[in-house]
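Chemist: For the record, in the sequence shown the residue sitting at position 56 is 56 according to the numbering used here, with numbers rising by one throughout. Where is the CB? At the ideal position from N, CA and C, for every residue including glycine. In this text, all values refer to a predicted model and were calculated from it rather than measured experimentally.
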Amino acid sequence: MKATLSRDGLYRFDLRVTHRVGRATMVTALASAHRDHEIFEDGPLPDLSRAKVLAAVKEVLHDRGTDFLEGWSDHLTEAETESMWDWAMEQVGNAFPELDPPTERQQ
Numbered sequence: 001m002k003a004t005l006s007r008d009g010l011y012r013f014d015l016r017v018t019h020r021v022g023r024a025t026m027v028t029a030l031a032s033a034h035r036d037h038e039i040f041e042d043g044p045l046p047d048l049s050r051a052k053v054l055a056a057v058k059e060v061l062h063d064r065g066t067d068f069l070e071g072w073s074d075h076l077t078e079a080e081t082e083s084m085w086d087w088a089m090e091q092v093g094n095a096f097p098e099l100d101p102p103t104e105r106q107q
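1. Do three or more CB pairs link the stretch 47-57 to the stretch 74-83 at distances below 8 angstroms?
2. Please return the same chain residues whose Cβ sits closer than 8 angstroms to the Cβ of Leu5, not counting the five positions on each side in sequence.
3. Below 7 angstroms CB to CB, which residues in the same chain sit around His34 once its five sequence neighbours on both sides are set aside?
4. Have a look at His19, Lys2 and Val21 and flag the residue whose alpha-carbon is nearest the alpha-carbon of Phe13.
5. Is there contact here, the stretch 87-103 with the stretch 69-78, by at least three beta-carbon pairs under 8 angstroms?
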């Protein structure tokens, strides 16, 4: 790995980090990305494309890491948490159907 000169005059490395994620992590990260949306005041969240789901998950993992995901709903009511989780589950399921749990036939 070779350091390169940054605009501010300091030498830095570009470090890439890979996260291996499944359905639950994707859903939690997506819900976390939209946790400040007031479902009951701002209205329902929109349907997202595969690219937007992926971008939101990547942003959360980049900004907050996986440790932050556990407390994503601490400031929400139970109804808000359930509504947000259901929305995120649907979005991830629609965008990434290959992450659905296998049926008995597939096992």
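Modeler: Walking through what the data contain:
1. no
2. Indexing the sequence shown from 1 puts residue 5 at position 5. Short of 8 angstroms from the beta carbon of Leu5, and not among the five residues preceding or following it, lie these beta carbons of its own chain, in chain order: Tyr11.
3. Here residue 34 is taken as the residue at index 34 of the sequence shown, counted from 1. Answer for His34: Leu45 and Met84, listed in chain order.
4. Counting from one through the sequence shown, the residue named residue 13 turns up at place 13. Residue Lys2 is the option with its Cα nearest to Phe13.
5. With the cut-off at 8 angstroms, the stretch 87-103 and the stretch 69-78 do not touch.
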